[in-house]
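A.B. asks: Under the UniProt record's numbering, the first residue of the sequence shown is numbered 1, with each subsequent residue one higher.
Built from N, CA and C at the ideal position, the CB exists for glycine as well.
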Amino acid sequence: MRPEQPLALSFIPSPSSKLQLLPLRDLFDVQSSSVGFFYQINDIFMIGPSFAQDFHRILRKCSSTSRAVRDGFRAIFTALIWRRHRAANWSDIDISRGSSALERLRTAQPSTLDEAISLAALGPTIAAFDCLTTCTGALLVLRHSLSLIKPWYSQMSQDAELDPILIAPILWDTVNCLVTGDVPVLEYGFRDLYLVDRVAGMCTTLMPMLYQLCVLGHRIRDSTAEDYSQSLRTLKRRLTLWSPVLQQESPGRLTRDDISAMVSQALMYRSASLLVIHRLSNPLGTGDATGKALADEIIRLLEDYLARRGPDSKLQHVNFPVFLAMLETTEVPKNIFKVLTALSITSISERKLTSVVDHVWEQRTKGYSGMLYDLLRSGPDFITVP
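(1) Measuring only the C-alpha atoms, how far is valine 356 from aspartate 257?
(2) Measure the beta-carbon distance from threonine 384 to phenylalanine 337 and round it to whole angstroms, keeping in mind my assumption that it falls under 8 Å.
(3) Grouping DSSP H, G and I as helix and E and B as strand, with all else coil, what is glycine 72?
(4) How should serine 273 be labelled, buried or exposed, when 16 other C-beta atoms within 10 angstroms of its C-beta is the threshold for buried?
(5) Is it buried or exposed for serine 223, if we count other Cβ within 10 angstroms and need 16 for buried?
(6) Looking at C-alpha atoms only, which residue of Leu122, Glu328, Arg60 and Gly201 is the closest neighbour of leucine 254?
(7) As a quick exercise: from Gly285, Arg198, Tyr269 and Leu284, pick the residue whose alpha carbon is nearest that of tyrosine 39.
(8) Suppose only complete runs of 4+ residues qualify. What are the alpha helix (DSSP H) ranges in the segment 168-224, listed by chain order?
(9) Rounded to whole angstroms, what's the CA-CA distance from tryptophan 82 to glycine 48? Just pull it up for me.
(10) For glutamine 31, which residues in the same chain have their Cβ closer than 6 Å to its Cβ, ignoring the five residues on either side in sequence?
(11) Kindly indicate which three-state DSSP category threonine 107 falls into: helix, strand or coil?
(12) Alpha carbon to alpha carbon, what distance is there between arginine 377 and threonine 180?
(13) Given a threshold of 16 other Cβ atoms within 10 Å of its Cβ, counted over all protein chains shown, does glutamine 158 qualify as buried or as exposed?
(14) Can you have a look at proline 311 and say buried or exposed, based on whether 16 or more other CB atoms are within 10 angstroms of its CB?
(15) May I ask which residues mark the beginning and end of the alpha helix (DSSP H) holding asparagine 42?
(16) Put glycine 285 into one of helix, strand or coil per three-state DSSP.
(17) With 16 as the cutoff for other CB atoms within 10 Å, does proline 3 come out buried or exposed?
(18) With DSSP as the reference, label serine 16 as helix, strand or coil.
(19) Alanine 108 to valine 318, Cα distance in whole Å?
(20) Between the Cα of leucine 327 and the Cα atoms of Ala68, Val263, Leu284 and Ser154, which residue gives the shortest distance?
(21) So which of Glu187, Leu301 and His278 has the shortest CA-CA distance to threonine 290?
(22) Do alanine 75 and aspartate 94 come within 7 Å of each other at the CB atom, strictly closer than that value?
(23) Quick check on glutamine 5: does DSSP put it in helix, strand or coil?
(24) How far does the alpha helix (DSSP H) with cysteine 135 in it reach, from first residue to last?
(25) Under the three-state reduction of DSSP, which class applies to phenylalanine 28: helix, strand or coil?
(26) Nearest to glutamate 350 by alpha carbon, out of Val332, Tyr228 and Phe382?
(27) So, helix, strand or coil for leucine 139, using DSSP?
(28) How do the segment 225-241 and the segment 165-182 stand: do at least 3 beta-carbon pairs fall below 8 Å, yes or no?
(29) Can you find the residues in the same chain that come closer than 6 Å, C-beta to C-beta, to residue 393, ignoring five residues on each side of it along the sequence?
(30) Look at the alpha carbon of serine 34 and the alpha carbon of histidine 359, and state the distance between them as a whole number of angstroms.
(31) Are the beta-carbon atoms of isoleucine 298 and alanine 325 separated by less than 7 Å?
(32) Look at tyrosine 194 and glutamine 230 and say whether their C-beta atoms are less than 7 Å apart.
(33) So what's isoleucine 149 in DSSP terms, helix, strand or just coil?
Put into structure tokens, the structure is as follows:
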């Protein structure tokens with residue numbers, strides 16, 4: 001067995017830092033005890049540092065009570081060190097722990113609330129690990145884990161401590177259903193008008209409408225838009241009138257940068273949801289000017305945010321609206337995915353999305369005039385992340 005080498009992590013102050021001398025397994029323990037270090041490793045799972053403490057707390061709690069969760073966290077930690085900081089080799093990724101955690105998830109039969117809470121943490125962790133490594137079954141893992149906790153969800157959704165492990169996976173499943181015509185496993189249980197989430201941001205009040213849009217899309221997929229035209233118009237009005245809200249006292253616990261990011265994200269999601277409605281009512285080849293206008297608005301919101309933040313800035317958790325925009329307009333900044341994530345290495349999921357975009361435009365150029373749902377379902381395999 002080759003000895004573990006010290007890691008050259010870009011965020012550690014200097015080579016003389018004690019952390020530079022620690023092997024990978026010991027760095028995981030540092031992450032478990034330090035919120036700051038935890039955020040530096042796991043920043044891709046949060047809009048900003050304002051969300052690190054609550055996320056760190058619930059993950060530590062789940063990890064302390066479940067070996068499977070602990071194995072899952074160790075596995076994804078090694079994958080993040082490799083992909084986020086280029087400080088480890090592929091061979092350093094703990095595939096065996098990831099596989100072990102996946103097997104426990106596959107065979108799980110929760111019978112208590114505590115077991116369901118552990119699975120709520122484990123499922124998205126393994127799904128994210130899959131996205132970072134092979135990207136072959138993340139959505140299947142995610143939806144399976146959500147189905148396992150479904151009997152307890154109404155109770156779990158009333159506990160604010162669990163928000164960091166519940167809301168993000170529901171949004172992840174929902175955005176995939178918006179482009180596949182499926183129905184999400186869980187409908188987000190609205191609890192607080194002013195609740196903001198590490199991934200959903202201010203879109204928590206939008207999520208119930210996104211679920212309704214998924215249900216409509218699923219019905220239309222198996223019939224016609226004309227059968228649901230009134231429902232689409234009603235939902236379109238509600239989405240058009242929707243705007244993000246922030247409690248007055250919230251700025252005290254949120255950084256100004258995080259608030260700015262959440263506002264931009266929310267407006268991009270609103271335009272994306274209107275684009276979904278537009279394409280449910282209009283096959284490709286019809287209403288293209290409106291589709292492009294909505295797509296241009298999404299890209300404009302992104303560019304405005306990046307311009308305000310300055311060089312090398314990024315806006316995470318807007319992959320879904322940007323992906324939809326890329327299906328409607330070719331006027332998209334080069335290497336746009338680079339500004340959507342802190343990952344150093346292009347992920348497999350992003351390469352798959354690029355292949356889907358190329359496929360859609362190839363078919364549109366050839367005169368395809370069917371439903372976007374059908375074109376996406378017949379094209380290359382992909383997964384959408386929030």
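C.D. replies: Here's the rundown:
(1) 32 Å
(2) 13 Å between Cβ atoms; not a contact.
(3) helix
(4) buried
(5) exposed
(6) Gly201
(7) Arg198
(8) 207-221
(9) 21 Å
(10) Phe37, Phe38 and Ile41
(11) helix
(12) 7 Å
(13) exposed
(14) exposed
(15) 35-42
(16) coil
(17) Because proline 3 carries a pLDDT of 43, less than 50, the predicted location of this residue cannot be relied on, and no value is offered for it.
(18) The predicted position of serine 16 is uncertain, since its pLDDT is 37 and thus under 50; a value taken from the coordinates is nonetheless stated next. It is coil, neither helix nor strand.
(19) 32 Å
(20) Leu284
(21) His278
(22) yes
(23) Only weak support is given to the placement of glutamine 5: the predicted model assigns it a pLDDT of 47, under 50, and the question is left unresolved by the model.
(24) Run containing cysteine 135: none; DSSP gives neither H nor E here.
(25) helix
(26) Phe382
(27) helix
(28) no
(29) This structure does not reach residue 393, given that the chain is present from 1 up to 386, and the question cannot be answered.
(30) 44 Å
(31) yes
(32) no
(33) helix
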